[in-house]
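Below you'll find the structure, written out as structure tokens, and then a few comments.
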Amino acid sequence: MWRISTTLVGVAVSEAGKRLNETDKQYVEVDIGMTDCPACGEPFDSAYIAAETALVGLMLEIEIFNAETRDHAAQIAKSEVGGALRDVPLTVVDLVQTEEDPGEAAS
2 MWRISTTLVG VAVSEAGKRL NETDKQYVEV DIGMTDCPAC GEPFDSAYIA AETALVGLML
62 EIEIFNAETR DHAAQIAKSE VGGALRDVPL TVVDLVQTEE DPGEAAS
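Each residue of the sequence shown is one higher than the last, beginning at 2 in the numbering used here.
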């Protein structure tokens, strides 16, 4: 089982990276999504196989500049990544403000 899930995760990361690179989105970081085990709480790679279909969860990270609000930043991120990963459902998991814009400090 470990070998299969590792291969699936590798293929998913590779395909996402390929699609992002083809659309000049090399600045998007691709990482393996993690899921907590319901029994012990330990995290493991998000790769599931059912009915000969694999579902792999990936975490994509992107820095957004000049967003007016948190919602605006999420919208920009989904638009940037979604253009490269068509037909892939995207959900914003977390938003972190990394530095304060000079305009915000004056308000």
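Each residue gets a CB set at the ideal place from its N, CA and C atoms; glycine is no exception.
Item                                                                                                                                  : Value
Straight-line CA distance for Y49 to G34?                                                                                             : 12 Å
How far does the beta strand (DSSP E) with E62 in it extend, from its first residue to its last?                                      : 59–62
Going by C-alpha to C-alpha distance, which of K26, I65, I63, G58 sits closest to V89?                                                : G58
How would you label L96, buried or exposed, when you count the other beta carbons within 10 angstroms and need 16 or more for buried? : exposed
Out of D32, A17, S47, V12, state which residue places its alpha-carbon closest to the alpha-carbon of R87.                            : A17
Relative to the C-alpha of E62, which candidate in E69, G42, E30 has its C-alpha closest?                                             : E30
Beta strand (DSSP E) containing A48: first to last residue?                                                                           : 48–51
Return the CA-CA distance between D25 and P39, expressed in angstroms with no decimal places.                                         : 38 Å
For L96, which of helix, strand or coil comes out of DSSP?                                                                            : coil
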